[in-house]
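Peer 1: Got a structure for you, written out below as structure tokens; questions coming shortly.
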Amino acid sequence: MSDDKHLDSLLPPLRLDRRGFMATALATGFAAAAGPVAAQSVVKTSAEGLTAGPVEIPVKDGKMWAYSAAPKDRKHLATVLVVSEIFGVHEYIQDVCRRLAHQGYLAVAPNLFAREGDPSKYTEIARLQAEVVQKVPDADVMSDLDATAKWAAAHGGDANKLGIIGFCWGGRMVWLYSAHNPRLKVGAAFYGPLRGKTDPQLRPHFPVELAGKLHAPIRGAYGGKDTGITQDDVAAMRAALEKGDKAARASVIDVYPNSGHAFHADYRPSYVKADADQAWQRALDWFGEHKLK
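According to the UniProt record's numbering, the residues represented by the sequence shown are 1 to 293, in order.
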């Protein structure tokens, strides 16, 4: 999978230690829990001209694997952190990294579920949510994203040009990370939850509550037919952004009336190509407008 052979040696062995840090091998293919793959729709991006493959990110309690892609033999690249759906860093997220690399970015997708479990091993969304996703503290995600940004700055990235993009579960993390990291320049959130039930230990805040604290402007992409993230949620977020400071007021939420949830996920039946293409181009343009590159 990697053009750079040394990256393959960095792939951690499969091991599990719930008392400490858990590392799993790089996922291949698509997550089983996501359902049957709509193969005719899958976007497949070549790694030609890229350095792409698994890397290890030092984090507070061990090492976490990630998938990294960047233009070959280039340095001082703008970095984009790529935050996955609940299905982890499977082929779709890896492909997103390669797409960004072909745009001139260093794209890194960390395995943010590493301590709780391996999403690729699950076949049922309910079990995956209960046993892995819902056990991940927001604080760990913020810390791991900081560690990923630090790793990128030491491996060809420009610490002063940091962006983020996320999908579904990861879309929520985009909003949270903008409120967390003052060095972030820009972000794009694809249908990330905006409101929900909080938990003081795991999920103390949702984006609506943090809208006034954003450090970087975010462009959101939401489906008008999404039954999980409603238009009432979108309206509440827009109202909260309007009351915020500069970065909040500069943020934008686009609604795609003909799409539901996960409309950018080209391997799933929810994929809507026209809206996915437009939302993706808007995200790239957004990064350019805010001088990420």
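For glycine and all other residues, C-beta sits at the position ideal for the given N, C-alpha and C.
Using a Cβ-Cβ cut-off of 6 angstroms (strictly less than) and excluding sequence neighbours within five positions of F167, which residues of its own chain qualify?
Peer 2: Around F167: E85 and F190.
Peer 1: On the three-state DSSP scale, how would you describe Y222?
Peer 2: Three-state DSSP puts Y222 in a strand.
Peer 1: Using the C-alpha atoms, what's the distance from G117 back to residue 365?
Peer 2: Because residue 365 is not part of the residues shown, which for the chain are 1 to 293, the question remains open.
Peer 1: Does chain B have any CB closer than 8 angstroms to the CB of L194?
Peer 2: No chain B appears in the structure shown, which is made up of a single protein chain.
Peer 1: What is the DSSP secondary structure of D277, reduced to helix, strand or coil?
Peer 2: Looking at D277 - three-state DSSP - the assignment turns out to be helix.
Peer 1: Identify every residue that forms a DSSP beta bridge with S68.
Peer 2: The partner list for S68 (beta bridge, DSSP) reads G53 and V108.
Peer 1: Roughly how far, in whole angstroms, is the beta-carbon of T148 from the beta-carbon of A66, given that I think they are within contact range, below 8 angstroms?
Peer 2: Sure, about 6 angstroms apart at Cβ, within 8 angstroms.
Peer 1: Within the chosen definition, does the stretch 34-50 reach the stretch 149-161 through at least 3 CB pairs nearer than 8 angstroms?
Peer 2: The answer is no - the stretch 149-161 does not touch the stretch 34-50, with fewer than three Cβ pairs under 8 angstroms.
Peer 1: Starting from I164, follow the beta strand (DSSP E) in both directions and report where the run begins and ends.
Peer 2: Per DSSP, I164 belongs to the beta strand (DSSP E) from G157 to F167.
Peer 1: With C-beta atoms as the reference, is L176 less than 8 angstroms away from L81?
Peer 2: Their beta carbons are not under 8 angstroms apart, which means L176 does not touch L81 by this criterion.
Peer 1: In this structure, does DSSP put R203 in helix, strand or coil?
Peer 2: In this structure, R203 counts as strand in the three-state DSSP scheme.
Peer 1: Could you have a look at K63 and say whether DSSP puts it in helix, strand or coil?
Peer 2: Correct three-state label for K63: strand.
Peer 1: Taking 7 angstroms as the limit between beta carbons, can you name the residues of its chain near T198, skipping five residues before and five after?
Peer 2: Only P204, H205 and F206 meet the Cβ criterion.
Peer 1: Checking 8 angstroms against the spacing of the C-beta atoms, do A109 and A101 come in under that value?
Peer 2: No, the Cβ-Cβ distance between A109 and A101 is not below 8 angstroms.
Peer 1: Got a sec? Which residues, its chain only, sit under 6 angstroms from D266 by beta carbon, not counting five neighbours each side?
Peer 2: Same-chain partners within the cutoff: S41, V42 and V43.
Peer 1: With distances taken Cα to Cα, identify the nearest neighbour of T28 among M64, G62, D61 and F87.
Peer 2: It is F87 whose Cα lies nearest to the Cα of T28.
Peer 1: For L202, does the count of other Cβ atoms within 10 angstroms reach 16, so buried, or fall short, so exposed?
Peer 2: Classification of L202: exposed, given that the 10 Å Cβ count is below 16.
Peer 1: Can you tell me whether DSSP reads I93 as helix, strand or coil?
Peer 2: Here I93 sits in helix by DSSP.
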